[in-house]
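These protein sequence lines are chains A and B, in that order. Quick note on the numbering used here: the first sequence kicks off at 21 and runs consecutively. Quick note on the numbering used here: the second sequence kicks off at 21 and runs consecutively.
Protein chains: 2
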Amino acid sequence: MKGPVAIAVDVMSGDRGPSVVIDAALECLHEAPNLELILVGDTEVVEPLVAGHGRADDKRLRLQHASEVVGMDEPPQQALRGKKDSSMRVAINLVKEGVAQACISAGNTGALMATARFVLKTLPGIDRPAIISPIPAMNGHTLMLDLGANTDCTPEHLFQFGVMGSALATAAYNIEQPAIGLLNVGSEEIKGNDRVKQAAQLLGDSGLNYIGFVEGNDIFSGRVDVVVSDGFVGNVALKTIEGLAKMIGGYIRQEFTRTSFTKVLGGISSPVLRALKRRLDPRLYNGASLLGLNGIVIKSHGSADQVSFANAIRIATLEAEKQVPKRITRLLESQLAKEHHE
Amino acid sequence: MKGPVAIAVDVMSGDRGPSVVIDAALECLHEAPNLELILVGDTEVVEPLVAGHGRADDKRLRLQHASEVVGMDEPPQQALRGKKDSSMRVAINLVKEGVAQACISAGNTGALMATARFVLKTLPGIDRPAIISPIPAMNGHTLMLDLGANTDCTPEHLFQFGVMGSALATAAYNIEQPAIGLLNVGSEEIKGNDRVKQAAQLLGDSGLNYIGFVEGNDIFSGRVDVVVSDGFVGNVALKTIEGLAKMIGGYIRQEFTRTSFTKVLGGISSPVLRALKRRLDPRLYNGASLLGLNGIVIKSHGSADQVSFANAIRIATLEAEKQVPKRITRLLESQLAKEHHE
Chain A
21 MKGPVAIAVD VMSGDRGPSV VIDAALECLH EAPNLELILV GDTEVVEPLV AGHGRADDKR
81 LRLQHASEVV GMDEPPQQAL RGKKDSSMRV AINLVKEGVA QACISAGNTG ALMATARFVL
141 KTLPGIDRPA IISPIPAMNG HTLMLDLGAN TDCTPEHLFQ FGVMGSALAT AAYNIEQPAI
201 GLLNVGSEEI KGNDRVKQAA QLLGDSGLNY IGFVEGNDIF SGRVDVVVSD GFVGNVALKT
261 IEGLAKMIGG YIRQEFTRTS FTKVLGGISS PVLRALKRRL DPRLYNGASL LGLNGIVIKS
321 HGSADQVSFA NAIRIATLEA EKQVPKRITR LLESQLAKEH HE
Chain B
21 MKGPVAIAVD VMSGDRGPSV VIDAALECLH EAPNLELILV GDTEVVEPLV AGHGRADDKR
81 LRLQHASEVV GMDEPPQQAL RGKKDSSMRV AINLVKEGVA QACISAGNTG ALMATARFVL
141 KTLPGIDRPA IISPIPAMNG HTLMLDLGAN TDCTPEHLFQ FGVMGSALAT AAYNIEQPAI
201 GLLNVGSEEI KGNDRVKQAA QLLGDSGLNY IGFVEGNDIF SGRVDVVVSD GFVGNVALKT
261 IEGLAKMIGG YIRQEFTRTS FTKVLGGISS PVLRALKRRL DPRLYNGASL LGLNGIVIKS
321 HGSADQVSFA NAIRIATLEA EKQVPKRITR LLESQLAKEH HE
């Protein structure tokens, strides 16, 4: 039996309001007996919603009041300085205080990153936290970072991302010696800029299972477990994936509803189309980790529905159970020890 | 009736050998009565293939001997200096001499770019040629550049890419005042690096229809005609698109062949699946332009089949008919005149 895990959930910051988040929280409590959830938000709003579900007396569900909410477009520094009692900040504080082992917010990424970094600090040896998420791939998924926290990265940052991604792949997804690839261009003329070349050197000299440069298509090929890039490239790739998947989904719908005949075909084929949809459902990939902090912080998509948000809670639970930040520190220390030893 | 257009075709450099290229050439000659093709390669190899088709006496089909072939992995500088009689070089020379109005090669991108740049030079006011290609989008396609020629770009380069893309969109695709977007990250925390911000300034001050920053998903959204980025980001996005489209195609095949029942569904649904396949067929997007040169150079995918290569010939024909390099120069001059005038 797994030990108890407490997760602080910012119920106020998502686009869809607290009720979707509470539904997801109750779903996760039901499936994980070791889970405790602390719902952070305006208790005047949250309490009646929880009572409405008849769960007000659930011992694994606690409420924590927070009087403010960070807006979706609020500048990070304003949120950080001006809203010290926001649901986002209070949830992160609970991690800092050790009351919760992880926190989740669907609020704005910039404010979440700035606040988490200010409150929790980065792990020793990590200069910059990075955003990482699983991306669907041929045989499962590929972890990809940084998805947008750092537009400009030094070779050292990219190396640290490799360590962080490797630690997460092993801790949370049981991959021994995960294959780490550095995202680069495939044109024959130019094989990347100096930053990427130097990062390749650092990764190649490390004890990580660095497999070399990979290209955009390798995100899906299954030959790499962790794809490392700076946050500019990673964010463009992520949004490109989201956009293309949506377009192709639209194409499939269009083609199967073009005529009465194809509509019938679509009806008959619905089990296949449903299976297809499941494999590409972005909701099952919701929950990006802000990796490199001295604490676990999970960012949910702002518009997450119940299925989406529940998935983010599962990721938070898994990372808390596996104590991912400790694993990162340990892996980084072993890398540095190796360097000194040589 | 359109005026005659002569295109030089490097028949030797693709992965599949000259016969596929010759088949594509004959297909295009058949559909475009104003087209003349100059097949460049070892005449000992090419002549019998053309004779085999019974087209040796076609007046719109000429052969031009070239004794060498650039290898797929050959370093650009080596190809440039060492193989002055390569099919690639001779095809580009024909453009330089005015014998052909465009050339096409399926050879290695680096060598093609280096040779084209050396022989043809860049247009006045253009510092760096860029690779541009149409990408399938919601309502047609989006032009995207640079797809990999320049990893590091200054704001001025990105501005010039905007001008080049705008000129191509108008000349070849009849889009008046094409909407130009600058690819950027969507995270709230960070809105791009200094390079992108300065390029946005230059584009915003120009007479182009610059619509601002766009994200990866906007490549497909239909709200932008031309997406501008540096070659590193553009190449990663392109390869990501290719990889994801391939994976989803594989998913569709898998799901429709999982059981005997779903195989039957796949059989019944085959008209829909074929329509779907056509909409995502990468062969119909084959043919990237090396834009910004004093001449038209089209790069075909190395592994292009007949359908693919024929599409590249059509793009070359269209750009030749529309005199794209002149249109770029004219648009750039009008931008600069506007600046001086202000």
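Cβ atoms here follow ideal geometry from the backbone N, Cα and C, with glycine treated the same way. Remember, predicted model here, so these are calculated numbers, not experimental data.
In whole angstroms, what is the alpha-carbon distance linking residue i and residue j?
i        : j        : result
A/Leu143 : A/Gly185 : 14 Å
A/Ala157 : B/Arg109 : 40 Å
A/Glu209 : B/Met133 : Residue placement at A/Glu209 is flagged as unreliable, the pLDDT there being 44, under the threshold of 50; the coordinate-derived value follows with that caveat. Taking the straight line from one Cα to the other gives about 8 Å.
A/Leu313 : B/Pro154 : 41 Å
B/Leu59  : B/Ser106 : 13 Å
A/Thr349 : A/Tyr230 : 19 Å
B/Ser354 : A/Val216 : 38 Å
B/Gly23  : B/Asp245 : 28 Å
B/Gly168 : B/Thr174 : 15 Å
A/Ser328 : A/Gly307 : 8 Å
B/Asp214 : B/Phe179 : 14 Å
A/Glu94  : A/Pro38  : 19 Å
B/Val253 : A/Asn204 : 9 Å
A/Ile288 : B/Gly287 : 12 Å
B/Gln343 : A/Phe233 : 39 Å
A/Phe276 : B/Ala295 : 10 Å
B/Leu285 : B/Val292 : 11 Å
A/Leu300 : B/Val139 : 47 Å
A/Val25  : A/Leu100 : 27 Å
Provide the residue(s) that pair with residue i in DSSP beta bridges, ordered along the chain.
i        : result
B/Ala122 : B/Ile27
B/Ser232 : For the sequence presented, residue 232 of chain B should be read as Gly rather than Ser. B/Gly201, per the DSSP bridge assignment.
A/Glu88  : A/Ser106
B/Ile335 : According to DSSP, which records beta bridges pairwise, B/Ile335 is partnered with nothing at all.
B/Arg82  : B/Ile58
A/Val160 : Checking the displayed sequence, the identity of residue 160 of chain A turns out to be Gly instead of Val. Its beta-bridge partners are A/Ala157.
From which residue to which residue does the alpha helix (DSSP H) around residue i run?
i        : result
A/Thr174 : Careful: A/Thr174 lies outside any alpha helix (DSSP H) and carries neither H nor E.
A/Leu167 : Note, A/Leu167: premise wrong, no alpha helix (DSSP H); not H, not E.
A/Ile42  : 38-51
B/Ile268 : 251-276
A/Gln221 : 214-225
B/Lys342 : Counting along the chain, B/Lys342 falls outside any alpha helix (DSSP H), and DSSP gives it neither H nor E.
A/Ala134 : 129-140
Is the Cβ of residue i closer than 8 Å to any Cβ of chain A?
i        : result
B/Met267 : yes
B/Ala336 : no
B/Gly232 : no
B/Thr171 : yes
B/Leu300 : yes
B/Met158 : yes
B/Ala295 : yes
B/Phe329 : no
B/Asp147 : no
B/Thr162 : no
B/Gly307 : no
B/Ile124 : no
B/Val292 : yes
Over what stretch of residues does the beta strand (DSSP E) that includes residue i continue unbroken?
i        : result
B/Val244 : Per DSSP, B/Val244 belongs to no beta strand (DSSP E) and is neither H nor E.
A/Pro154 : 150-157
A/Lys319 : 317-319
A/Ala308 : 308-311
B/Gly145 : Premise fails: B/Gly145 is in no beta strand (DSSP E) and is neither H nor E.
A/Glu64  : Per DSSP, A/Glu64 belongs to no beta strand (DSSP E); it is in the alpha helix (DSSP H), 63-72.
Counting only C-beta atoms, is residue i closer than 8 Å to chain B at any point?
i        : result
A/Leu140 : no
A/Glu275 : yes
A/Asp30  : no
A/Asp35  : no
A/Glu209 : Caution is warranted here: a pLDDT of 44 is assigned to A/Glu209, below 50, making its placement in the model unreliable, and the coordinate value is therefore given only provisionally. Taking Cβ atoms only, chain B reaches closer than 8 Å to A/Glu209, which makes this a yes.
A/Val65  : no
A/Thr282 : yes
A/Ser226 : no
A/Gly182 : no
A/Leu202 : no
A/Gly74  : no
Exercise for review: Evaluate the contact criterion for the segment 168-187 of chain B versus the segment 330-348 of chain B: three or more CB pairs, one atom per stretch, below 8 Å.
Suggested key: Pairwise C-beta distances place the segment 168-187 of chain B in contact with the segment 330-348 of chain B, as three or more of them are shorter than 8 Å.
Point to revise | Interface residues of the segment 251-267 of chain A facing chain E [CB-CB below 8 Å] | key: Although the question refers to chain E, the structure presented lacks it and instead comprises the protein chains A and B.
Check your understanding: Can you find at least 3 beta carbon pairs, one from the segment 84-99 of chain B and one from the segment 329-345 of chain A, that sit closer than 8 Å?
Key -> The segment 84-99 of chain B, when compared against the segment 329-345 of chain A, does not touch it at the 8 Å Cβ threshold.
Practice item. Report yes or no: do three or more beta-carbon pairs, one from the segment 266-281 of chain A and one from the segment 115-122 of chain A, lie closer than 8 Å? Key: Judged by pairs of C-beta atoms under 8 Å, the segment 266-281 of chain A does not touch the segment 115-122 of chain A, as fewer than three such pairs exist.
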